[in-house]
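**Q**
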Amino acid sequence: MIEILSLKDYDEVWSETLTSSTVGKFWQQVKFAVAKFNLSKLSQIGSWLQFASFLLICLLVTILPAHQFVNDKETLALVVVAGLLLQIVGLILGGKEKYPKSAIDGLVFLFLCFNVISCFASHYLAPSIHGLAKVVVYTCSYFLFVAALGQSGNSGFKRILTVLGLLLASGLAVALYGLYQYKIGVAPLATWEDPSVTEQATRIYSTLDNPNLLAGYLLPMVPLSLSLTVMSASSKRWLLSLASLVLFAVFFVATVLTGSRGGYLGLFAEVASFIGIFCLWLWQAKLRSMPKARLVVFLLPAFLIGAIALAIHFVPAFEHRLTSIFVGREHTSNSFRLNVWGASWRMFLDNWWFGIGPGNKTFRLAYGLYMVSGFDALGTYCVPLEIACEVGIFGLASFFALLGALFARAHVTFWGATDFRAKAITAGVISAIIGLMTQGLFDTVFYRPQVHFIFWLLVAVLVVLSTRNAKIQGKP
3 MIEILSLKDY DEVWSETLTS STVGKFWQQV KFAVAKFNLS KLSQIGSWLQ FASFLLICLL
63 VTILPAHQFV NDKETLALVV VAGLLLQIVG LILGGKEKYP KSAIDGLVFL FLCFNVISCF
123 ASHYLAPSIH GLAKVVVYTC SYFLFVAALG QSGNSGFKRI LTVLGLLLAS GLAVALYGLY
183 QYKIGVAPLA TWEDPSVTEQ ATRIYSTLDN PNLLAGYLLP MVPLSLSLTV MSASSKRWLL
243 SLASLVLFAV FFVATVLTGS RGGYLGLFAE VASFIGIFCL WLWQAKLRSM PKARLVVFLL
303 PAFLIGAIAL AIHFVPAFEH RLTSIFVGRE HTSNSFRLNV WGASWRMFLD NWWFGIGPGN
363 KTFRLAYGLY MVSGFDALGT YCVPLEIACE VGIFGLASFF ALLGALFARA HVTFWGATDF
423 RAKAITAGVI SAIIGLMTQG LFDTVFYRPQ VHFIFWLLVA VLVVLSTRNA KIQGKP
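Under my numbering, the first residue of the sequence shown is numbered 3, with each subsequent residue one higher.
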């Protein structure tokens, strides 16, 4: 069943369908026309252009958290568009890098199609076109990441490690600056906490000017650093493993110090997922003949949960942030979200077929018709509800289908991988996606470039690892 849900058996079908389609035939004709020139250097130039697109991806993940790009989203979009154009021209010129097609591409394309339909069915056409442009850039970044990282052989895996390494290095700089802010007691840039709370915490925001956005940016770093830890330990590179463990501690503490309650839930979900995956693997693959050693599988999660509970307990302000999640409308932030969710749900019921149109500008125009007085909002504070309102029931179904296929594909890849490095990265990537989706149930930062580009990068890495694993096993 999981194999079917992963759609891995349909990768070849998707590839053949795409090749035989009108677009595929036109693409082949373009490549054939270029090949007629019979210039030996064209292929080499194409390969250079493809490598240049990979360098742009490295640039993107490095500059993503820079302060100047918090509001300047156009520059980040230009980097993605430039990288995609280089990749396309490189393919046309006969570059050696080939795009690894998978059925996940079809689901991403389907989600994009529903956004296009929603846009042109919207009462707010102009702002919806602006919102659609963002969706196009984000989904195109997925295809760029797959094209640049999906190379066969060891070079493709090195590229994955390089991009993830740069992501972790940039994240470390951002996290350390956030810890410095906590040390000096930086003043908040906005009213983030319930004003009735007497004991306020110093909530760090680093270069991103928003604690919730910082939490969303740091969440993927936590399981990815754990992946690097276990991967290094498996190859007995103990110094690198220790350094990776320090990275994990820095990212974990920095995420806690954001005071983001959605971040707390995401942090718990992703760490629990990562530990659960590897405990299950240890139980089944390593401890079958050592019943007494299985005690470690129970003690390790219990120890970590206890350590987290004690750490939060000794910082009362953050303990209050955590417990306030469960007090309902007694906390103003909870009350605000409940009002926004109610208004957004009514909006969805009135526009459930195609939605109101993509983009936050469209949402703001439509939300005014449903909002509770005094509770204005930039979004629904819930990713599934946001997609349902903007794109309708079919867009929501396509997004859930994408997530379901990714989870199933991660399961198949993890248990089928013969390379432990692929196994470790798969566990970290799917745990990071779980963390982002958990935070996305209660916050709007998922749609910010510093989070959304990372989401599509994680999706691309998972897809690339699954296609590599299929080739190793001799599957199409």
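Think of the CB as a built atom: it goes at the ideal place given N, C-alpha and C, for glycine as much as any other residue.
If you scan the region 331-410 from start to end, which runs of the alpha helix (DSSP H) of 4 or more residues do you find wholly inside it?
**A** Here the runs fully enclosed are 334-352, 362-369.
**Q** Helix, strand or coil for residue 477? Go by DSSP, reduced to three states.
**A** Numbered from 1 along the sequence shown, position 475 holds the residue referred to as residue 477. Bear in mind that the predicted position of residue 477 carries a pLDDT of just 44, short of 50, making it unreliable; the figure below should be weighed with that in mind. DSSP places residue 477 in coil when its eight states are reduced to three.
**Q** Just to confirm the assignment, what range does the alpha helix (DSSP H) spanning residue 441 have?
**A** Position 439 of the sequence shown holds residue 441. Segment 422-442, the alpha helix (DSSP H) holding residue 441.
**Q** Please classify residue 266: is it buried, with 16 or more other beta-carbons within 10 angstroms of its beta-carbon, or exposed?
**A** As a position in the sequence shown, residue 266 is number 264, starting the count at 1. Looking at its Cβ environment, which holds 16 or more other Cβ atoms inside 10 Å, residue 266 is buried.
**Q** Thinking residue 305 and residue 433 are a contact (beta carbons under 8 Å), I'd like their distance in whole angstroms, please.
**A** Your numbering for residue 305 matches position 303 in the sequence shown. Your numbering for residue 433 matches position 431 in the sequence shown. No, residue 305 and residue 433 are not in contact; Cβ-Cβ is about 19 Å, not under 8 Å.
**Q** Between residue 230 and the rest of its own chain, which residues show a CB-CB distance below 6 Å, the 5 nearest in sequence each way excluded?
**A** As a working mapping, residue 230 is identified with position 228 in the sequence shown. If we look at residue 230 and ignore the five residues flanking it on each side, its Cβ neighbours are 246.
**Q** To the nearest angstrom, report how far apart residue 10 and residue 463 are at their CA atoms.
**A** Walking along the sequence shown from the start, residue 10 turns up at place 8. Walking along the sequence shown from the start, residue 463 turns up at place 461. Their Cα atoms are separated by approximately 15 Å.
**Q** What does the alpha-carbon distance come out to for the pair residue 384 and residue 449?
**A** By 1-based counting over the sequence shown, the position of residue 384 is 382. By 1-based counting over the sequence shown, the position of residue 449 is 447. Residue 384 and residue 449: Cα-Cα distance of roughly 11 Å.
**Q** What did DSSP end up calling residue 140 once you bin it into helix, strand or coil?
**A** In the sequence shown, residue 140 corresponds to position 138, counting from 1. The answer is helix: DSSP assigns residue 140 an H, G or I state.
**Q** Going by C-alpha to C-alpha distance, which of 80, 412, 89, 121 sits closest to residue 55?
**A** Taking the first residue of the sequence shown as position 1, residue 55 is located at position 53. The shortest C-alpha separation from residue 55 is found at 89.
**Q** Between the alpha carbons of residue 66 and residue 52, how many angstroms are there, rounded?
**A** One-based indexing of the sequence shown puts residue 66 at position 64. One-based indexing of the sequence shown puts residue 52 at position 50. Rounded to the nearest angstrom, the two C-alpha atoms are 21 Å apart.
**Q** Take residue 387 as the anchor and find which of 363, 173, 142, 347 has the nearest alpha-carbon.
**A** Residue 387 sits at position 385 when you count from the first residue of the sequence shown. That would be 347, whose Cα lies nearest to the Cα of residue 387.
**Q** Determine, using beta carbons only, whether residue 249 and residue 227 come nearer to each other than 8 Å.
**A** As a first step, residue 249 is located in the sequence shown; it is residue number 247 there, counting from the start. As a first step, residue 227 is located in the sequence shown; it is residue number 225 there, counting from the start. Contact: yes.
**Q** How many Å lie between residue 47 and residue 428 at the Cα?
**A** Here the question's residue 47 lines up with position 45 in the sequence shown. Here the question's residue 428 lines up with position 426 in the sequence shown. Near 33 Å, if we compare the C-alpha coordinates of residue 428 and residue 47.
**Q** Please list the terminal residues of the continuous alpha helix (DSSP H) segment that includes residue 119.
**A** Numbered from its first residue, the sequence shown carries residue 119 at position 117. Counting along the chain, the alpha helix (DSSP H) containing residue 119 begins and ends at 105-122.
**Q** Flag this pair as touching only if the region 23-38 and the region 83-99 have three or more C-beta atom pairs under 8 Å; answer yes or no.
**A** A contact exists between the region 23-38 and the region 83-99.
**Q** Do the region 7-26 and the region 102-110 touch if we need at least three Cβ pairs shorter than 8 Å?
**A** Yes: at least three Cβ pairs fall under 8 Å.
**Q** Check whether the region 115-124 and the region 391-405 touch, using three or more Cβ-Cβ pairs below 8 Å as the test.
**A** Result yes; three or more Cβ-Cβ pairs closer than 8 Å.
**Q** Which residue marks the beginning of the alpha helix (DSSP H) containing residue 185, and which one marks its end?
**A** For this step, residue 185 is matched to residue 183 along the sequence shown. Looking at the DSSP string, the run of the alpha helix (DSSP H) that includes residue 185 is 156-186.
**Q** Let me know the secondary structure DSSP gives residue 327 once reduced to three states.
**A** Indexing the sequence shown from 1 puts residue 327 at position 325. If DSSP states are grouped into helix, strand and coil, residue 327 belongs with the helices.
**Q** Can you find the residues in the same chain that come closer than 6 Å, C-beta to C-beta, to residue 73, ignoring five residues on each side of it along the sequence?
**A** On the sequence shown, residue 73 is found 71 positions in, with the first residue counted as 1. Contacts found: none.
**Q** Roughly how far, in whole angstroms, is the beta-carbon of residue 358 from the beta-carbon of residue 368, given that I think they are within contact range, below 8 Å?
**A** Start at 1 with the first residue of the sequence shown, and residue 358 comes out as number 356. Start at 1 with the first residue of the sequence shown, and residue 368 comes out as number 366. That belief holds up - the Cβ atoms of residue 358 and residue 368 are roughly 4 Å apart, short of 8 Å.
**Q** Would you kindly check if the distance between the Cβ of residue 460 and the Cβ of residue 190 is under 8 Å?
**A** For the purposes of this step, residue 190 is taken as the residue at position 188 of the sequence shown. For the purposes of this step, residue 460 is taken as the residue at position 458 of the sequence shown. Contact flag unset, no.
**Q** Could you work out which residue in 323, 204, 112 is closest to residue 187 when comparing CA atoms only?
**A** Position 185 of the sequence shown, counted from the start, is the residue given in the question as residue 187. Taking only the C-alpha atoms, the option nearest residue 187 is 204.
**Q** Can you tell me where the alpha helix (DSSP H) with residue 263 in it begins and where it stops?
**A** In the sequence shown, counting from the first residue as 1, residue 263 sits at position 261. 263-283 is the extent of the alpha helix (DSSP H) around residue 263.
**Q** Taking 8 Å as the threshold (C-beta atoms), are residue 271 and residue 440 in contact?
**A** Position 438 of the sequence shown holds residue 440. Position 269 of the sequence shown holds residue 271. Their beta carbons are under 8 Å apart, which means residue 440 touches residue 271 by this criterion.
**Q** Using DSSP with H/G/I as helix, E/B as strand and the rest coil, what is residue 153?
**A** If you number the sequence shown from 1, residue 153 lands on position 151. Residue state, collapsed to three classes: coil.
**Q** Can you check whether the CB of residue 144 is closer than 8 Å to the CB of residue 458?
**A** Position 456 of the sequence shown, counting from 1, holds the residue named residue 458. Position 142 of the sequence shown, counting from 1, holds the residue named residue 144. Yes.
**Q** Just the Cα atoms here: how many angstroms apart are residue 279 and residue 59?
**A** Residue numbering aside, residue 279 sits at position 277 when the sequence shown is read from its first letter. Residue numbering aside, residue 59 sits at position 57 when the sequence shown is read from its first letter. Using only the alpha carbons, I get a separation of about 29 Å.
**Q** Would you mind reading off the limits of the alpha helix (DSSP H) that contains residue 23?
**A** On the sequence shown, residue 23 is found 21 positions in, with the first residue counted as 1. From DSSP, residue 23 is part of no alpha helix (DSSP H); its letter is neither H nor E.
**Q** Specify, as a first and last residue, the run of the alpha helix (DSSP H) that residue 75 falls within.
**A** Taking the first residue of the sequence shown as 1, we reach residue 75 at position 73. Counting along the chain, the alpha helix (DSSP H) containing residue 75 begins and ends at 75-94.
**Q** Out of curiosity, what's the CA-to-CA distance linking residue 422 and residue 415?
**A** In the sequence shown, residue 422 corresponds to position 420, counting from 1. In the sequence shown, residue 415 corresponds to position 413, counting from 1. Looking at the two C-alpha atoms, the distance is approximately 11 Å.
**Q** Should residue 269 and residue 437 be called a contact, given that it needs their Cβ atoms to be closer than 8 Å?
**A** Locating residue 269 in the sequence shown gives position 267, where the first residue counts as 1. Locating residue 437 in the sequence shown gives position 435, where the first residue counts as 1. Yes, they are a contact pair.
**Q** Using CA coordinates, which residue listed in 18, 79, 419, 452 is at the minimum distance from residue 283?
**A** On the sequence shown, residue 283 is found 281 positions in, with the first residue counted as 1. Taking only the C-alpha atoms, the option nearest residue 283 is 419.
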